[in-house]
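Chemist: Pasting in a structure now, in structure tokens, and then I'll have a few things to ask.
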Amino acid sequence: MDVGPHRDLLGELASSIRSKTDLKFGVYHSLMDWFHPLYLRDKFTLFTEQMFVKQKSIPELHELVNAYNPEVIWSDGDWEAPDSYWTAKEFLAWLYNESPVKDTVVVNDRWGSGIPCKHGSYYTCTDRYNPGVLIEHKWENCMTLDKASWGYRRNAKLSDYLTTAELVQEVVETVSCGGNILINVGPTKDGIITPIFEERLRDLGSWLKVNGKAIYSTKPWTFQNDTLTSGVWYTQGSENDVDQTVYAIVLEWPKERQLLLGSPKLTKDSKLSILGGTGQLEWSQTSMGILVQLPERDSLSTDWAWVVRIEGIVN
Numbered sequence: 001m002d003v004g005p006h007r008d009l010l011g012e013l014a015s016s017i018r019s020k021t022d023l024k025f026g027v028y029h030s031l032m033d034w035f036h037p038l039y040l041r042d043k044f045t046l047f048t049e050q051m052f053v054k055q056k057s058i059p060e061l062h063e064l065v066n067a068y069n070p071e072v073i074w075s076d077g078d079w080e081a082p083d084s085y086w087t088a089k090e091f092l093a094w095l096y097n098e099s100p101v102k103d104t105v106v107v108n109d110r111w112g113s114g115i116p117c118k119h120g121s122y123y124t125c126t127d128r129y130n131p132g133v134l135i136e137h138k139w140e141n142c143m144t145l146d147k148a149s150w151g152y153r154r155n156a157k158l159s160d161y162l163t164t165a166e167l168v169q170e171v172v173e174t175v176s177c178g179g180n181i182l183i184n185v186g187p188t189k190d191g192i193i194t195p196i197f198e199e200r201l202r203d204l205g206s207w208l209k210v211n212g213k214a215i216y217s218t219k220p221w222t223f224q225n226d227t228l229t230s231g232v233w234y235t236q237g238s239e240n241d242v243d244q245t246v247y248a249i250v251l252e253w254p255k256e257r258q259l260l261l262g263s264p265k266l267t268k269d270s271k272l273s274i275l276g277g278t279g280q281l282e283w284s285q286t287s288m289g290i291l292v293q294l295p296e297r298d299s300l301s302t303d304w305a306w307v308v309r310i311e312g313i314v315n
């Protein structure tokens with residue numbers, strides 16, 4: 001607090017999040033400081049010296065943990081040096097055995113070159129990581145609305161930003177494969193979220209307001225992607241869902257409103273409906289799969305993707 005605004009901005013943010021929301025509070029920390037003279041000096045020695053780590057990086061991490069008790073530590077800036085240079089093992093041993101958050105904290109996998117996608121409470125691997133299939137370890141897709149930058153760019157073109165449809169697709173495919181999604185927007189130097197970012201986030205919010213049951217508190221189903229219609233991704237209701245409902249998320253509106261599904265196995269008692277719609281959907285068993293008749297598109301309250309709720313599935 002000796003410089004800048006002379007306020008503990010991180011402390012104020014942590015207090016506000018904890019008192020006004022049910023969100024978990026996490027911190028981002030870059031191990032690397034691109035132009036810090038001590039870091040450049042260590043780099044010049046091919047990281048045989050650790051002046052930067054001992055005097056800046058590790059003390060910062062200890063301060064973040066002891067002062068703010070984060071539930072998530074999102075480490076970054078590790079790739080130029082091995083974990084031994086960053087003393088990552090020593091810090092993580094303290095974090096999980098002695099720190100004030102040892103029983104609650106989770107960390108990502110960016111703690112040294114060669115570590116991503118191998119060690120961590122959850123994997124981030126590379127930016128915009130999305131395996132497209134179900135993997136054993138928990139993972140996260142950290143991605144940006146600006147395709148080229150994590151920060152704000154005044155000279156960005158409209159085509160540089162994800163469309164709402166592309167953003168919804170990222171969310172759907174990520175959750176279907178068991179991942180978390182971390183959506184980045186770059187504020188201006190004044191801390192303002194510009195209109196195009198706001199529009200994308202509000203669009204996503206309006207879509208989730210109707211279709212959130214297919215996203216929140218769900219888990220991966222037996223199939224992630226439909227075996228016949230590639231633009232369909234699946235999620236399954238939580239274990240508290242006695243019907244074990246499956247959601248088929250349709251990214252492209254089908255011709256003639258007829259949706260062909262190859263993955264689900266149904267019985268005569270199975271029921272299909274569409275989130276945001278009314279009544280049951282008509283469906284039939286064909287030689288190829290389940291043929292579902294969707295309602296008129298104009299009768300539905302959302303664009304970009306549509307969710308068919310399937311009850312009474314047998315596989």
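Take the sequence shown: its position 278, counting from 1, is numbered 278 in UniProt numbering, and each next residue is one higher.
Where a beta carbon is used, it is the ideal one built from N, C-alpha and C, also for glycine.
Considering only residues of the same chain and omitting the five flanking positions on each side of Leu251, which have a CB-CB separation below 6 Å?
Modeler: Gln169, Gly231, Ala305
Chemist: Does the beta-carbon distance from Leu291 to Leu260 come in below 8 Å?
Modeler: Yes, they are a contact pair.
Chemist: In three-state terms, what does DSSP make of Glu173?
Modeler: helix
Chemist: Could you tell me the boundaries of the beta strand (DSSP E) in which Asn180 lies?
Modeler: Judged by DSSP secondary structure, Asn180 falls within the beta strand (DSSP E) whose first and last residues are 179-184.
Chemist: For Val171 and Ile181, I'd like the C-alpha separation in whole angstroms.
Modeler: 7 Å
Chemist: In three-state DSSP terms, what is Ser301?
Modeler: coil
Chemist: At which residues does the alpha helix (DSSP H) containing Ala88 begin and terminate?
Modeler: Counting along the chain, the alpha helix (DSSP H) containing Ala88 begins and ends at 88-97.
Chemist: Grab the span of the beta strand (DSSP E) containing Ala214 for me, first residue to last.
Modeler: Here Ala214 belongs to no beta strand (DSSP E), and DSSP marks it neither H nor E.
Chemist: Taking only the alpha-carbon atoms, compute the straight-line gap between Gln244 and Val307 and give it to the nearest angstrom.
Modeler: Between Gln244 and Val307, the C-alpha separation is close to 16 Å.
Chemist: Give me the Cβ distance between Leu204 and Leu167, rounded to the nearest whole Å; I'm assuming they're in contact under 8 Å.
Modeler: 6 Å
Chemist: Counting pairs of beta carbons, one from the region 4-12 and one from the region 48-62, are three or more of them closer than 8 Å?
Modeler: Inter-segment contact for the region 4-12 and the region 48-62 is absent: fewer than three beta-carbon pairs are separated by less than 8 Å.
Chemist: If you draw a straight line from the alpha carbon of Gln293 to that of Ala93, how long is it in whole angstroms?
Modeler: 56 Å
Chemist: Would you say the region 145-160 touches the region 115-123, given that touching needs at least three Cβ pairs under 8 Å?
Modeler: no
Chemist: Should Phe288 be labelled buried (16 or more other beta-carbon atoms within 10 Å of its own) or exposed?
Modeler: Correcting the residue identity first, residue 288 is Met in this sequence and not Phe. So Met288 counts as exposed.
Chemist: Which same chain residues end up closer than 8 Å to Ser84 when comparing Cβ atoms and leaving out the 5 residues on each side of it in sequence?
Modeler: Gly112
Chemist: Straight-line CA distance for Lys89 to Pro59?
Modeler: 15 Å
Chemist: Would you decide whether Asp226 is buried or exposed? Buried here means 16 or more other CB atoms lie within 10 Å of its CB.
Modeler: buried
Chemist: In three-state DSSP terms, what is Gly205?
Modeler: DSSP places Gly205 in the helix class (H, G or I) of the three-state scheme.
Chemist: When you compare only the Cα positions, how much space is there between Gly132 and Leu64?
Modeler: Approximately 34 Å between the Cα atoms of the pair.
Chemist: Can you list, in chain order, the residues of its chain whose CB lies under 6 Å from that of Glu282, leaving out five sequence neighbours each side?
Modeler: For Glu282, where only same-chain residues beyond five positions count, the Cβ hits under 6 Å are Gln293.
Chemist: Under 7 Å Cβ to Cβ from Ala81, same chain only, skipping five residues before and after it: list those, please.
Modeler: Within the same chain, Ala81 has close Cβ partners Phe47, Gly112, Ser113.
Chemist: What residue range does the alpha helix (DSSP H) around His62 cover?
Modeler: 58-68
Chemist: Just reading off the alpha helix (DSSP H) that Gly11 is part of, what are its end residues?
Modeler: Boundaries of the alpha helix (DSSP H) around Gly11: 9-20.
Chemist: Nearest by alpha-carbon distance to Arg309: which of Thr218, Gln285, Thr124 is it?
Modeler: Thr218
Chemist: Just to confirm my understanding: we take Arg18, look at its own chain, exclude 5 residues before and 5 after, and list those with CB closer than 8 Å. What are they?
Modeler: Phe25
Chemist: Could you check how far apart the C-beta atoms of Ser149 and Asp76 are, in whole angstroms? I think they sit under 8 Å.
Modeler: With 8 Å as the limit, Ser149 and Asp76 do not qualify as a contact, their Cβ atoms being about 15 Å apart.
Chemist: Measuring straight from C-alpha to C-alpha, what distance separates His36 and Lys138?
Modeler: 34 Å
Chemist: Less than 8 Å separating the beta-carbons of Val101 and Glu71?
Modeler: yes
Chemist: Have a look at Lys268 and Asp22 and give me their C-alpha separation to the nearest angstrom.
Modeler: Looking at the two C-alpha atoms, the distance is approximately 42 Å.
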